[in-house]
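Enquirer: Here's a structure for you.
In the working numbering, the protein residues as written are -11 to 443.
Take a look at the structure:
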């Protein structure tokens, strides 16, 4: 049923601790909460619930506020809820009036809310942060004229793939599912799996590759015999859907081991994970999904962050990324700065795509902002280290798309929060006077009257 917010009380109780009495009204988080259009959130996310059936859900502001705080602080669902009870400012941001001593919901409820709104709901939150940034002065309207685009890798929460571990795990799952369906094996070979996996790892570490491949061949043969027993006893059409799924994964592993050019499977529970090489010395190969990030050239405000399926060529992602920027901002950037990875695919009628370093651009706007192409690199780094873009724990490609957009929401909110803190500090005469005194005490004026750090 559609959530109903009944937390607004007409009269204060005597023995309750009200948040407005214990928090600072000039705190940046409080000031940002006052500038967010929560009524628009309720109108947009209200239709995701049934209007007249079931128990009323949690308030929409609570759901949206928790998702924002999660990606602003870079916390998991469980860590966020544990710290939410201790932080009165977070409770005020989520619409509470009285200080709460218990968690408002379970972490599984946050996951269901993300699945309920999907990627469209996450994009609505990103559009709201763009409007918030423009309304608070964090990003200027003219900054949308020049955008910067680049791709990165969002790793998935999977173990490092190896043929031995994948075949052993697939072997156990297949045998367990087949026994549940009544299939009887002459021999399951499960007792030998742990020893073979251990031997493969030791031989690989010692660079004894002939012995390693000999043990891998044994794992391959054992898994093939189990698959043959299942196919012989239950042909196609007589097996359950779960058994067919496990059998398909096992056959795919057998094929990729015998045919190296075949499309590889890197994870059993996340079969859509791709192996992406970005030329990094510390991590030559990353396993996850590629994300396309679009920011403004001046302030570095994120306009779009899209998770792509597979290892798509960078040049083929420019057109779709510009369409999503128009969806979030209502305008197309006149100039888009990209790197040399977009060569050959930068032709689009939506914007003038300039490959910096390839040739000199034409136009004053491009020449003025050409040096800003590299500004997107630290932004992606902040989204990974301060946010949650460094590892995605959501399930499937749909989870990747939702997670990528919410990471952009968290980055923009952190930027708005710092801007509001700067405005409050700048308008505080006492703090500004102390800053000027500190600057003059540790600096010396140059010939032009500018203060430089004293050596």
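Every residue gets a Cβ at the ideal spot worked out from N, C-alpha and C, and that includes glycine.
Since this is a predicted model, take the numbers as computed values, not measurements.
1) Which value, in whole angstroms, describes the spacing of the CA atoms of residue 125 and residue 229?
2) Taking contact to mean 3 or more Cβ pairs, one atom from each stretch, closer than 8 Å, check whether the region 44 to 59 and the region 93 to 104 are in contact.
3) On the criterion of 16 or more Cβ atoms from any shown chain inside 10 Å, does residue 443 qualify as buried, or is it exposed?
4) For residue 446 and residue 379, which I take to be in contact (beta-carbon distance under 8 Å), what is that distance rounded to the nearest angstrom?
5) Return the residue from the list 161, 409, 117 that minimises the CA-CA distance to residue 292.
6) When burial is assigned at 16 or more other CB atoms within 10 Å of the CB, is residue 140 buried or exposed?
7) Among 383, 391, 395, 344, which one has its Cα closest to the Cα of residue 369?
8) Which one or two residues does DSSP pair with residue 294 in a beta bridge?
9) Within 10 angstroms of its Cβ, does residue 351 collect 16 or more other Cβ (buried), or is it exposed?
10) Taking DSSP's pairing of strands, which residues face residue 142 in a bridge?
11) Please specify which runs of the beta strand (DSSP E), each continuous and at least 3 residues long, are wholly inside the region 105 to 143, giving them in chain order.
12) Would you mind reading off the limits of the alpha helix (DSSP H) that contains residue 54?
13) Quick one: Cα of residue 327 to Cα of residue 274, how far?
14) Look up residue 10 in the DSSP assignment and say whether it is helix, strand or coil.
15) Assuming residue 338 contacts residue 307 under a Cβ cut-off of 8 Å, what Cβ separation, rounded to an integer in Å, is found between them?
16) Are there three or more Cβ pairs, one per stretch, closer than 8 Å when the region 103 to 120 is compared with the region 276 to 285?
17) Buried or exposed: residue 106, going by 16 or more other Cβ atoms within 10 Å of its Cβ?
18) At which residues does the alpha helix (DSSP H) containing residue 313 begin and terminate?
19) Beta-carbon within less than 7 Å of residue 45's beta-carbon, same chain only, minus the 5 sequence neighbours each way: which residues are those?
Expert: Answer, in terms of the structure:
1) 54 Å
2) yes
3) Because residue 443 sits at a pLDDT of 43, beneath the cut-off of 50, its placement in the model cannot be relied upon, and the following sentence gives the value as read from the coordinates. Residue 443 is exposed by the Cβ-count criterion.
4) There is no way to answer for residue 446, as the model of the chain reaches only from -11 to 443.
5) 117
6) buried
7) 395
8) Beta-bridge partners of residue 294 (DSSP): 280.
9) With a pLDDT of 45 at residue 351, under the threshold of 50, the modelled position of this residue cannot be trusted; read the value that follows with caution. Classification of residue 351: exposed, given that the 10 Å Cβ count is below 16.
10) Answer by DSSP bridge pairing, in chain order: 277.
11) As far as the region 105 to 143 is concerned, its whole beta strand (DSSP E) runs of at least 3 residues are 134 to 143.
12) 48 to 61
13) 20 Å
14) coil
15) Their Cβ separation, rounded to whole angstroms, is 7 Å, which keeps residue 338 and residue 307 in contact under 8 Å.
16) no
17) exposed
18) 306 to 317
19) -11, -9, 37
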